[in-house]
Amino acid sequence: MLYGLATVSIWSTVASAFKIALRDLDPLQLLLCACAVSIAALAGILLLQGKLGELVRMGRKETLRCALLGLLNPFLYYTILFKAYDLLPAQEAQPINYTWAVTLSLLSVPLLGQKLSLKALAAILLSYLGVVVISTHGDPLGMQFSSLPGVALALGSTIIWALYWIFNTRSQANPMAGLLMSFLTGFPFILAATLLFSGLPPLAAGPLLAATYVGLFEMGITFALWLTAMKYAARPDGGGTARVANLIFLSPFLSLVFIHFLVGEIIHPATVAGLAFILAGNALMQYAPRKRA
């Protein structure tokens, strides 16, 4: 529970960190810096665990799988997500990103052969109703968006994230080593895209510190903390993985508090209402029975 709470607390700050970093960096520059920091953090964690050798012991098939996954995460996922945050207020981008669990269930139908129950379909409709409430500021009939491209990108990022986890389910690699390999292979594409479509980030303390925070706490350390939380929870005296996993529902509401005080956004009632719809849909999806083919 302590590891889980620590992870959720850190995750709750990253939406604010995105917006603060994007004041001085464009999405590609932020991703380049954050990815470099994350690679160093993941390598350091594996070194401390004595598992850095897992990279070289990884088979050719697993190495290729991790390399292809690197195109999805970090390259495509964070490029799209950071651009969504660049176009939208954080209080809109962050809750919409939480619909990835619903997207995962939808994509599991064609890709994993699963069938959705009526309860699961109701959960999907409930979650996307929340997206409409948030993105239209509580006026669905008016259909006035802060940024329609931003909403589309935020929803698009959930597709990339869901695809990443679906394709990652067959990986036999050590989770930390596999993630590091994905980041190592994704980094050259991020660098090339930055050089082609942007430019190297400015060497200023403020932007680089913000990007470092994102790399450490969005992409690196929190992953290790969450794996540790789930490992302890799986023990007979650990309280169960479901109990720890449910802590994630605290994160979006805590995130709104940080967004208000750190970014300075006034939180709209529609954001809270829409987020409640999204999380209710996620909770309903979690307990909805699924039929496997």
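Under UniProt numbering, the first residue of the sequence shown carries the number 1, and numbering increases by one thereafter. From the three backbone atoms N, C-alpha and C, an ideal C-beta is built for every residue, glycine too. Quick caveat, the model's predicted, so the values are computed rather than measured.
| Item | Value |
| --- | --- |
| Neighbourhood of Leu-250 by C-beta, 6 angstroms cutoff - its chain only, sequence neighbours within 5 removed | Val-8 |
| Three-way DSSP call (helix, strand, coil) for Lys-83 in this model | helix |
| Beta-carbon spacing of Ala-280, Val-133 below 7 angstroms | no |
| Proximity below 7 angstroms, CB of Cys-66 to CB of Gly-178 | yes |
| 4-residue-minimum alpha helix (DSSP H) runs that sit fully inside the stretch 166-193, ordered along the chain | none |
| Whole alpha helix (DSSP H) elements within the UniProt domain "EamA" (2-136), 4-residue minimum | 2-21, 27-49, 54-57, 60-70, 77-87, 90-97, 100-112, 118-135 |
| DSSP-derived helix/strand/coil call for Leu-148 | helix |
| Cutoff 6 angstroms; reference Ala-193; Cβ partners in own chain excluding five residues on either side | Leu-28 |
| The alpha helix (DSSP H) enclosing Ser-251, as first and last residue numbers | 251-258 |
| Run of the alpha helix (DSSP H) containing Met-219, from where it starts to where it stops | Careful: Met-219 lies outside any alpha helix (DSSP H) and carries neither H nor E. |
| When Met-230, Leu-148, Ala-173, Met-1 are compared against Lys-83, the one with the closest alpha-carbon | Leu-148 |
| Closest Cα partner of Ser-146 within the set Val-131, Phe-277, Arg-60 | Val-131 |
| Reduced DSSP secondary structure (H/G/I, E/B, other) of Pro-269 | helix |
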